[in-house]
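So the structure is just underneath, and the comments pick up after that.
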Amino acid sequence: SNRHKKMALQSIRLLIWLLSLWRNAALEQSYSEYATLLRAHLMNGLDPAVPPKSVRTADYSKAGTEVRMSIRFFKVQGVSASEGQMRLKVWVRMQWSDLRLAWDPAAFGNVSETTFRAVGHADLEGTEIWVPDIQLYNSNEGNHATLDGANPIVYSDGTVFWSRPGILDTMCRFTGLVAFPFDRLKCAMEWGGWSLSDGLQGINLTDVGYVFLTNEDTSGASYQEYAIRSVDVSLKQSFYDAIPNQPWTIVKYTVELERATFYYGTLILFPTILIT
334 SNRHKKMALQ SIRLLIWLLS LWRNAALEQS YSEYATLLRA HLMNGLDPAV PPKSVRTADY
394 SKAGTEVRMS IRFFKVQGVS ASEGQMRLKV WVRMQWSDLR LAWDPAAFGN VSETTFRAVG
454 HADLEGTEIW VPDIQLYNSN EGNHATLDGA NPIVYSDGTV FWSRPGILDT MCRFTGLVAF
514 PFDRLKCAME WGGWSLSDGL QGINLTDVGY VFLTNEDTSG ASYQEYAIRS VDVSLKQSFY
574 DAIPNQPWTI VKYTVELERA TFYYGTLILF PTILIT
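Read left to right, the sequence shown gives residues 334 to 609 (this note's numbering).
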């Protein structure tokens, strides 16, 4: 009946209103006090060098956590085919679960998320919580030197999200160096744990493992000479004699670049034809 429909609609509106009140409670003036208490509570006795506690389904380990990673490609900064170098402006994003950092928002003024300082896995002085030990193996410089430190966001269920902007300066063995200037170059980037195997740090992908976004005016997957044509991501597990019962996951990003034909046609080919 119409009466029952009106009552149901009113109940839905009331529920939405109550949810909005709950969500906005964390933005009250008391947020600072509750957030301070929350951080002190979570850091009490926490050792950032010890891997997290989480619910894992891996057969070989119930310790540690699973890390999901993704790369947001922002811009091609430079490519040197002769030197075997590719520089990409990116955001490296990682997400994992650490149940040591879970809390009941109702006990802390409905604060449902907070942040911690983090520089990198090996920098315990500048890092308050555990962060993944995942490195780009074939880099000219280590991640600690080319990715900015950024504060991970921690949610009340123990989910941690860490996004770092920076440069990936990669050593490449380019393939596809033919048919200049219409050739396509491919460069592989291999990521994996440095000191931690999958026994304490599983590695997987967020969705397909990469994303292109153009929300910012300065973003873009190309500069005047090269553009990213495609990205392919694959995972493989390796075993080493030193730890035969624990796999090491390697994430391989294969980036295919194509030369900007308009750039070469306008500035090189067309003037050459006119001269000859």
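Backbone N, C-alpha and C define an ideal beta-carbon position, used for all residues, glycine too.
Counting along the chain, no alpha helix (DSSP H) covers arginine 562; the unbroken beta strand (DSSP E) around it starts and ends at 559-573. If the five residues before and after proline 498 are omitted, its C-beta is found closer than 6 Å to the C-beta atoms of Trp424, Asp481, all from its own chain and listed in chain order. Fully enclosed beta strand (DSSP E) runs of no fewer than 3 residues occupy 486-488, 492-504, 517-526, 534-545 of the region 480-549, in order along the chain.
Looking at the DSSP output, tryptophan 436 shares a beta bridge with no other residue. In this structure glutamine 428 is buried. Its beta-carbon is surrounded by 16 or more other beta-carbon atoms within 10 angstroms. Assignment of beta-bridge partners to glutamine 343 by DSSP yields no partner. For arginine 372, the secondary structure class from DSSP, reduced to helix, strand or coil, is helix.
Going by C-alpha positions, tryptophan 463 is about 16 Å away from histidine 374.
With fewer than 16 other Cβ atoms from the protein chains shown falling within 10 Å of its own Cβ, glutamate 366 counts as exposed. Counting C-beta pairs closer than 8 Å gives three or more between the region 397-411 and the region 426-440, which meets the contact rule. Between lysine 569 and the set Thr582, Tyr470, Lys519, the nearest pair of CA atoms involves Thr582. In summary, threonine 503 is buried, with 16 or more beta-carbon neighbours lying within 10 Å of its beta-carbon over all protein chains present. Here DSSP, grouped into helix, strand and coil, assigns serine 413 to strand. In the structure shown, asparagine 578 falls within a strand segment according to DSSP collapsed to helix, strand and coil. Under the three-state reduction of DSSP output, tyrosine 393 falls in the coil class, being neither helix nor strand.
The C-beta of asparagine 476 has 16 or more other C-beta atoms within 10 Å across all chains shown, which makes the residue buried.
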